[in-house]
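Novice: Using the working numbering, you'd call the opening residue of the sequence shown number 13 and step up by one each time.
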Amino acid sequence: MVMQKLIEYRIEIDGKVTQGVKLPETMILYAVDTEHMVLTAKPNKTLEEKAIAKTRVKVVEEKGKHVILIPTRIYNFYRLEESDYTVMVSDKDPATIMIAI
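1) Nearest-angstrom Cα distance between Y87 and A63?
2) What do you get for Y97, buried or exposed, if any count of 16 or more other CB atoms within 10 angstroms of its CB means buried?
3) Hey, quick one: how far does the beta strand (DSSP E) through L51 stretch, first residue to last?
4) Locate the beta strand (DSSP E) running through T67, then write down its first and last residues.
5) Distance, Cα to Cα, R68 vs A107?
6) So, Y42 versus T84, is the Cβ gap smaller than 8 Å?
7) By the three-class DSSP mapping on this structure, what secondary structure does L59 have?
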């Protein structure tokens with residue numbers, strides 16, 4: 013039997029983008045479509061109905077940045093190694109983060 017190591021990839025978000033709000037250690041990542049993913053602190057009914065995938069991700073605070081640990085399958089789906097992406101934060105809820113690819 014061969015053991016595979018689970019690899020997680022990092023997306024770094026400057027703490028200024030979230031207006032200094034401390035993010036929870038675990039968030040929910042919704043893959044909404046081929047061009048957008050949304051991170052939320054709490055379940056979101058609308059996203060639950062629309063999302064093509066949902067997973068929990070870890071968030072680490074590191075030198076004024078939020079580091080989101082993205083599972084390999086999500087990273088590969090969005091081809092983040094090849095793509096530029098834009099991070100947007102809700103004014104009403106800075107703990108809700110949209111990433112547009």
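Positions of the beta carbon are idealized from the N, C-alpha and C atoms, including for glycine.
Here the structure is a predicted model, which means the values were calculated and not measured.
Specialist: Taking the geometry as given:
1) Between the alpha carbons of Y87 and A63 lies a gap of roughly 16 Å.
2) Counting every other CB atom within 10 Å of its CB across the protein chains shown gives Y97 a total below 16, marking it as exposed.
3) First-last of the beta strand (DSSP E) with L51: H48 to T52.
4) From DSSP, the beta strand (DSSP E) with T67 extends over A65 to E74.
5) If I take the Cα positions, the gap works out to 14 Å.
6) No; because the gap between Cβ atoms is not below 8 Å, this pair is not in contact.
7) Here L59 sits in helix by DSSP.
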